[in-house]
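**Student:** Below you'll find the structure I mean.
In the numbering used here, the protein residues as written are -3 to 202.
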């Protein structure tokens, strides 16, 4: 932590929600008091996502920047958010070393370079959504995801379930400006990401 940053202590909050009735716990977390957030710092340090296909649930685990000595106030607010299950301290004091989480969700696209060796998750705002298209790789929709600073990454969302859909068909339940979470994505052959059979596209209105 640099000297010009507001001091914080990292804590990990955990929320588990059913896929069939999912809400976005991050919307409320980002608006909570006693977290460090300003033009230079976001209140979420990193975000871990675990998709459980067997139980049809998804777990969000944001590492959040808590103002020192305010963790009890934060804990009280977190317990009011749907799906909350746990709140674990990651640092004892501001600036303490800690184990960086493996494979965190990509939230900034300033220097986007995902690994080819494993699946990854991406979150951002939907922009420039195109209708259903087809090429030699299959049927897909394309859109851009924007991070909070306006950086973008291009996305290909593939489908095998056409169910009467024709070229140019709109992607249902997805609109410009929606917050989209791409789970288990892979790099596309071109620059950007691919959401295929192993992936999931989850969309939030807030």
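Here a beta-carbon is modelled for each residue, glycine too, at the ideal position from N, C-alpha and C.
Less than 6 Å between C-beta atoms, sequence neighbours within five positions excluded: which residues of the same chain meet that for residue 10?
**Tutor:** Only 57, 81, 82 meet the Cβ criterion.
**Student:** At a cut of 8 Å, does the region 36 to 51 reach the region 95 to 104 through at least three beta carbon pairs?
**Tutor:** Yes, the region 36 to 51 touches the region 95 to 104.
**Student:** Inspect the CB distances between the region 44 to 58 and the region 170 to 179 and report whether three or more fall short of 8 Å.
**Tutor:** These segments touch.
**Student:** Rounded C-beta distance between residue 87 and residue 25? I'm assuming under 8 Å.
**Tutor:** Their Cβ separation, rounded to whole angstroms, is 18 Å, which puts residue 87 and residue 25 out of contact at 8 Å.
**Student:** Classify residue 4 as helix, strand or coil using the three-state DSSP reduction.
**Tutor:** In this structure, residue 4 counts as coil in the three-state DSSP scheme.
**Student:** Excluding five sequence neighbours on each side, which residues of the same chain lie with their C-beta closer than 7 Å to the C-beta of residue 134?
**Tutor:** So the qualifying residues of the chain are 154.
**Student:** Over what stretch of residues does the beta strand (DSSP E) that includes residue 80 continue unbroken?
**Tutor:** Segment 80 to 85, the beta strand (DSSP E) holding residue 80.
**Student:** What does a CB cutoff of less than 7 Å around residue 16 pick up in its chain, not counting 5 residues either side in sequence?
**Tutor:** Answer for residue 16: 52, listed in chain order.
**Student:** With H, G and I counted as helix, E and B as strand and the rest as coil, what does DSSP make of residue 163?
**Tutor:** If DSSP states are grouped into helix, strand and coil, residue 163 belongs with coil.
**Student:** Measuring alpha carbon to alpha carbon, tell me which of 59, 126, 200 ends up nearest residue 8.
**Tutor:** Taking only the C-alpha atoms, the option nearest residue 8 is 59.
**Student:** With residue 74 as the anchor, note down where its alpha helix (DSSP H) starts and where it stops.
**Tutor:** Taken as a continuous stretch (DSSP letters only), the alpha helix (DSSP H) holding residue 74 covers 67 to 74.
**Student:** Identify whether residue 196 lies in helix, strand or coil by the three-state DSSP scheme.
**Tutor:** In this structure, residue 196 counts as strand in the three-state DSSP scheme.
**Student:** Who are the Cβ neighbours of residue 188 in its own chain at under 7 Å, not counting the five residues just before and after it?
**Tutor:** Taken in chain order, the residues that qualify are 149, 150, 151, 152.
**Student:** If you follow the beta strand (DSSP E) that residue 150 is in, where does it begin and where does it stop?
**Tutor:** Start and end: 148 to 155.
**Student:** When you compare only the Cα positions, how much space is there between residue 161 and residue 132?
**Tutor:** Their backbone Cα atoms lie some 18 Å apart in a straight line.
**Student:** Ends of the beta strand (DSSP E) at residue 58?
**Tutor:** Taken as a continuous stretch (DSSP letters only), the beta strand (DSSP E) holding residue 58 covers 53 to 62.
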